[in-house]
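Asks: Each protein sequence line maps, in turn, to chains X and C. Heads up, the first sequence is in my numbering, so the first residue is 1 and it goes up one at a time. Heads up, the second sequence is in my numbering, so the first residue is 1 and it goes up one at a time. Below are the structure tokens for one structure; questions will follow.
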Amino acid sequence: MIEITDLHKSYITGNTSLHVLKGIDFSVKEGELVSIMGSSGSGKSTLLNILGMLDEADSGTYTLDNTPIKNLNEKIAAQYRNKFLGFIFQSFNLISYKNAIDNVALPLYYQKVGRKERDEKAMHYLEKVGLADWADHLPNQLSGGQKQRVAIARALASDPKVLLADEPTGALDTKTSYEVMDLIQGINEEGRTILVVTHEPDIAEMTKRIVNLKDGRIIDDRLVNQIKAKAHV
Amino acid sequence: MFNIERWQEIFDTINKNKLRTFLTSLSVASGILILVILLGFSSGIENGVRTQFEQDATNRISVSTRVTTKGYKGLNPGRRLQMTNKDYENLNEKYKEQIEYKTSLYRSWGGQVNYKEKQGSYRIEGVFADQQWIENATLSQGRYISQSDIEESRKVGVIGYQMKEDLFPNTNPIGKTILLNNNINFIVVGVYTDPGGSREESRLFIPITTAQKVFNAGENIDRIAYTVKMSDNFDEAVALSAAMSESIDQDLRTKFSVAPDDRVAIRVDDTLEEAQKIYGLIDTIRAVFWFIGIGTIIAGVVGVGNIMLIVVKERTKEIGIRKALGALPSEIIWMVLQESIFITAIAGFVGLFIGVGILELVGPSIEMDFIKNPTVDFTTSITTVIILVVSGALAGFIPARRAANIKPIEALRDE
Numbered sequence: 001m002i003e004i005t006d007l008h009k010s011y012i013t014g015n016t017s018l019h020v021l022k023g024i025d026f027s028v029k030e031g032e033l034v035s036i037m038g039s040s041g042s043g044k045s046t047l048l049n050i051l052g053m054l055d056e057a058d059s060g061t062y063t064l065d066n067t068p069i070k071n072l073n074e075k076i077a078a079q080y081r082n083k084f085l086g087f088i089f090q091s092f093n094l095i096s097y098k099n100a101i102d103n104v105a106l107p108l109y110y111q112k113v114g115r116k117e118r119d120e121k122a123m124h125y126l127e128k129v130g131l132a133d134w135a136d137h138l139p140n141q142l143s144g145g146q147k148q149r150v151a152i153a154r155a156l157a158s159d160p161k162v163l164l165a166d167e168p169t170g171a172l173d174t175k176t177s178y179e180v181m182d183l184i185q186g187i188n189e190e191g192r193t194i195l196v197v198t199h200e201p202d203i204a205e206m207t208k209r210i211v212n213l214k215d216g217r218i219i220d221d222r223l224v225n226q227i228k229a230k231a232h233v
Numbered sequence: 001m002f003n004i005e006r007w008q009e010i011f012d013t014i015n016k017n018k019l020r021t022f023l024t025s026l027s028v029a030s031g032i033l034i035l036v037i038l039l040g041f042s043s044g045i046e047n048g049v050r051t052q053f054e055q056d057a058t059n060r061i062s063v064s065t066r067v068t069t070k071g072y073k074g075l076n077p078g079r080r081l082q083m084t085n086k087d088y089e090n091l092n093e094k095y096k097e098q099i100e101y102k103t104s105l106y107r108s109w110g111g112q113v114n115y116k117e118k119q120g121s122y123r124i125e126g127v128f129a130d131q132q133w134i135e136n137a138t139l140s141q142g143r144y145i146s147q148s149d150i151e152e153s154r155k156v157g158v159i160g161y162q163m164k165e166d167l168f169p170n171t172n173p174i175g176k177t178i179l180l181n182n183n184i185n186f187i188v189v190g191v192y193t194d195p196g197g198s199r200e201e202s203r204l205f206i207p208i209t210t211a212q213k214v215f216n217a218g219e220n221i222d223r224i225a226y227t228v229k230m231s232d233n234f235d236e237a238v239a240l241s242a243a244m245s246e247s248i249d250q251d252l253r254t255k256f257s258v259a260p261d262d263r264v265a266i267r268v269d270d271t272l273e274e275a276q277k278i279y280g281l282i283d284t285i286r287a288v289f290w291f292i293g294i295g296t297i298i299a300g301v302v303g304v305g306n307i308m309l310i311v312v313k314e315r316t317k318e319i320g321i322r323k324a325l326g327a328l329p330s331e332i333i334w335m336v337l338q339e340s341i342f343i344t345a346i347a348g349f350v351g352l353f354i355g356v357g358i359l360e361l362v363g364p365s366i367e368m369d370f371i372k373n374p375t376v377d378f379t380t381s382i383t384t385v386i387i388l389v390v391s392g393a394l395a396g397f398i399p400a401r402r403a404a405n406i407k408p409i410e411a412l413r414d415e
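Laid out in structure tokens, this is it:
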């Protein structure tokens, strides 16, 4: 599903060049649930941004679902993001003046899906995350966990190949974190490929594979015995 | 472009920022308001000046002689110059190609006119039939003086509407006999109205031949008036008319031996040249008003542009989210542009309607000499609407570009 080889990325600020990714080789098969771990500055967010086509690598190759991702202009990047990827952010990033169902329907709007179908699909995914009754609520009427579940529904709405979650539990308390992880595990069980960036070991243990980054290199890549979040809820 | 979802988003943002939107709209609305009022008044000035001007035909040349003020070729100043029928006929013959309507005129300033027990003092003017067209008079009753009236020196008269009001308040004046200066009876054959108003309508026109007889004037005439044939090109007509006036002036100076620089003795007035100057002045006034109005709108547009920049800044994160979810740059541009056009258009329409409303309400009561019935016509309204949409688009363009260039990665970075 994801294939990257020898990925390099530097940021130039003034006269100093910061080499963030120093040759990453990494692949993810369909249906995997992978966590990317590392301390701050390890390059894990940069890697996720490149995977999410929000940023571009200096060198190296990136193939997503057999499509080479290169020479992206804004327009193509937007189309690929919409087609291939679903994003889940630490700070949810819901649009504050749209209610839950409209937030979920937004990626479908950019896919030019008609209004009726959009609302049906959005409602379906809201049911899936258990928030059908909250469809008309604005984000500020929802709790943190509920917001993240709306965001997950939104990420799923466009039926993406890969879900990219950047610290999805970073803004949540432990109990809510586990509820969210339970949901993510459930989605993975249905066969969806998911990448989670986190610095919390207990969250990482709930995925099926942990990739450890340090100073721009993968220092460790191992399969783990997944801990079911449900047991802790 | 029409897209319910996008409109809903625009209404959502506007709803969220009522005060900001209101203040922005206010600047655009007042800009348009000022433009509309200015344009209304420029059309009012135009109407006023035109009415003042079109009391008489605009393509008129009028010739009169007075007393010389300068000596010339051994002749003393203070000579009274008297034109006669002969002068009139000579000029008619010489300029027959250019002349449209022609009349000579003999007048008596204060003639006493009686009808039964009513009486009044009026100007009596002996004229040819063409006077009706040269004077821009409209017959409200009866007929004007005819060629046969002139040939037979009939004692008939055409009275102004003011005279009819004075002497025949409740009766039909046609066919009635009026008494002039207590000794000569005239039969009223017509009543005329004149755009010049009651002063112009307080005159009695009689055949020139009759006038010369009853006032013992012999062959004398006081004034000659022509209208010149108009060509399609206004500037060309002005030039022809000016050349003809100049030439008539020369003819009379030669005939009467008048100094070339004696401007009092012989006067040849060319209204067309005056008209051109005044129309030029109106054009200038209109241009100045447009300039001020457009300037005001530019100020409003800059305001909208500024606000939209702030809007884009405030919505950076939202736009980042949208782009991460797959919004194309063009969709982001349209979103911002449409909001900007929407705000300017709505605010502008409000300004337009208030402006037109004020003009409709106040306009009719403004009846000064040079401002009359200020209104904004349909074309002007359409023009302002187009200006609005274009300026809305201009105001939104830079902010929209900025929005489209937002990098989702930067917008979504957690602070």
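We treat Cβ as the ideally placed atom computed from N, Cα and C, and that holds for glycine.
(1) Can you find a C-beta in chain D that's less than 8 angstroms from the C-beta of GLU314 (chain C)?
(2) Classify THR296 (chain C): buried if its beta carbon has 16 or more other beta carbons within 10 angstroms, exposed otherwise.
(3) Straight-line CA distance for LYS121 (chain X) to PRO160 (chain X)?
(4) Please confirm whether LEU361 (chain C) and ILE32 (chain C) have their CB atoms less than 8 angstroms apart.
(5) For chain X, find out if any of its Cβ atoms is closer than 8 angstroms to the Cβ of GLU360 (chain C); answer yes or no.
(6) Apart from the five residues on each side of it in sequence, which residues of its chain come closer than 8 angstroms, Cβ to Cβ, to ILE366 (chain C)?
(7) Round the Cβ separation of ASN212 (chain X) and GLY38 (chain X) to the nearest angstrom and send it over; I've been treating them as touching at under 8 angstroms.
(8) Along chain X, which residues have their Cβ under 7 angstroms away from the Cβ of GLU318 (chain C)?
(9) Measuring alpha carbon to alpha carbon, tell me which of C:LEU359, C:ILE354, C:LYS317 and C:ILE307 ends up nearest LEU337 (chain C).
(10) Contact check, ALA57 (chain X) vs LYS9 (chain X) under 8 angstroms by CB: the rounded distance?
(11) Specify, as a first and last residue, the run of the beta strand (DSSP E) that TYR239 (chain X) falls within.
(12) What does ASP202 (chain X) reach in chain C if we use C-beta pairs closer than 8 angstroms?
(13) For ILE50 (chain X), I'd like the list of residues in its chain whose CB is within less than 6 angstroms of its CB, leaving aside the five on either flank, ordered along the chain.
(14) Mapping the DSSP letters down to three states, classify PHE378 (chain C) as helix, strand or coil.
(15) Rounded to the nearest angstrom, how far is the Cβ of VAL228 (chain C) from that of ASN59 (chain C), given a contact under 8 angstroms?
(16) For the region 383 to 415 of chain C, list every residue whose C-beta sits within 8 angstroms of some C-beta in chain X, in sequence order.
(17) For SER340 (chain C), name the three-state secondary structure that DSSP assigns.
(18) Rounded to a whole number of angstroms, what is the C-alpha to C-alpha distance between SER146 (chain C) and THR138 (chain C)?
(19) Taking CB distances under 8 angstroms as the criterion, tell me whether PRO329 (chain C) reaches chain X.
(20) Looking at chain C, which residues of the region 106 to 122 of chain X have a Cβ within less than 8 angstroms of any of its Cβ atoms?
(21) What residue from X:GLY186, X:VAL34, X:VAL20 and X:VAL233 has the CA that sits closest to LYS128 (chain X)'s CA?
(22) Would you kindly work out how many angstroms separate the C-alpha atoms of MET1 (chain C) and LYS407 (chain C), rounded to a whole number?
(23) Buried or exposed: where does ARG263 (chain C) fall if 16 or more other Cβ atoms within 10 Å of its Cβ makes it buried?
(24) So if I threshold CB-CB distances at 8 angstroms, which residues from the region 139 to 155 of chain X count as touching chain C?
(25) Quickly, what does DSSP pair ALA165 (chain X) with across the bridge? List them, please.
(26) Could you have a look at GLY258 (chain C) and say whether DSSP puts it in helix, strand or coil?
(27) Answer yes if the region 148 to 158 of chain C comes into contact with the region 90 to 105 of chain C, meaning at least three C-beta pairs across the two stretches below 8 angstroms, and no otherwise.
(28) Please name the residue, chosen from C:LEU325, C:GLY303 and C:THR103, that lies closest to GLY396 (chain C) on a Cα-to-Cα basis.
(29) Kindly indicate which three-state DSSP category GLY120 (chain C) falls into: helix, strand or coil?
(30) Taking the alpha-carbon positions, what's the GLN212 (chain C) to LEU81 (chain C) distance?
(31) By the 8 angstroms beta-carbon criterion, what residues does the region 77 to 89 of chain X contribute toward chain C?
(32) Quick check: the Cα distance between ASP102 (chain X) and PHE11 (chain C), rounded to an integer number of angstroms?
(33) Give the single residue among C:VAL188, C:LYS155 and C:TYR226 whose Cα lies nearest to the Cα of LEU272 (chain C).
(34) Could you check which residue in X:GLY145, X:ILE218 and X:GLU117 has the C-alpha nearest to that of LEU183 (chain X)?
(35) Please classify ILE134 (chain C) as buried or exposed, where buried requires at least 16 other C-beta atoms within 10 Å of its C-beta.
(36) Name the DSSP beta bridge partners of VAL191 (chain C), please?
Replies: With the structure as the only source:
(1) Absent here is chain D; the protein component of the structure consists of chains X and C.
(2) buried
(3) Cα-Cα distance, rounded: 14 angstroms.
(4) no
(5) Under the Cβ criterion of 8 angstroms, GLU360 (chain C) is not counted among the residues facing chain X.
(6) GLY44, LYS372, ASN373 and PRO374
(7) 6 angstroms
(8) Counting only Cβ-Cβ distances below 7 angstroms, GLU318 (chain C) has contacts in chain X at ILE95, in chain order.
(9) C:ILE307
(10) Contact between ALA57 (chain X) and LYS9 (chain X) holds, since their C-beta atoms are separated by about 5 angstroms, short of 8 angstroms.
(11) Limits of chain X in this structure are 1 at one end and 233 at the other, which puts residue 239 (chain X) out of reach.
(12) Neighbourhood of ASP202 (chain X) in chain C, by CB distance below 8 angstroms: empty, with the nearest CB roughly 21 angstroms away.
(13) Same-chain partners within the cutoff: ALA57.
(14) Residue state for PHE378 (chain C) is assigned as helix, using DSSP reduced to three classes.
(15) 5 angstroms
(16) ALA404, LYS407, PRO408, ILE409, LEU412 and ASP414
(17) helix
(18) Distance between the alpha carbons of SER146 (chain C) and THR138 (chain C): 15 angstroms.
(19) yes
(20) LEU106, PRO107, TYR109, TYR110, GLN111 and ARG115
(21) Looking at X:GLY186, X:VAL34, X:VAL20 and X:VAL233, the one whose alpha-carbon comes closest to that of LYS128 (chain X) is X:GLY186.
(22) Residue placement at MET1 (chain C) is flagged as unreliable, the pLDDT there being 43, under the threshold of 50; the coordinate-derived value follows with that caveat. Cα-Cα distance, rounded: 25 angstroms.
(23) exposed
(24) ARG154
(25) X:ILE88 and X:VAL196
(26) Inspection of the sequence shows that residue 258 (chain C) is occupied by Val rather than by Gly. In the structure shown, VAL258 (chain C) sits in coil (DSSP, three-state: anything other than H, G, I, E or B).
(27) No: the two stretches stay apart, fewer than three of their Cβ pairs being nearer than 8 angstroms.
(28) C:GLY303
(29) strand
(30) 17 angstroms
(31) ALA78, GLN79, ARG81, ASN82, LYS83, PHE87 and PHE89
(32) Straight-line spacing of the CA atoms in ASP102 (chain X) and PHE11 (chain C) works out to 15 angstroms.
(33) C:TYR226
(34) Of the residues X:GLY145, X:ILE218 and X:GLU117, the one whose Cα lies closest to the Cα of LEU183 (chain X) is X:GLY145.
(35) buried
(36) C:GLN141 and C:ILE159
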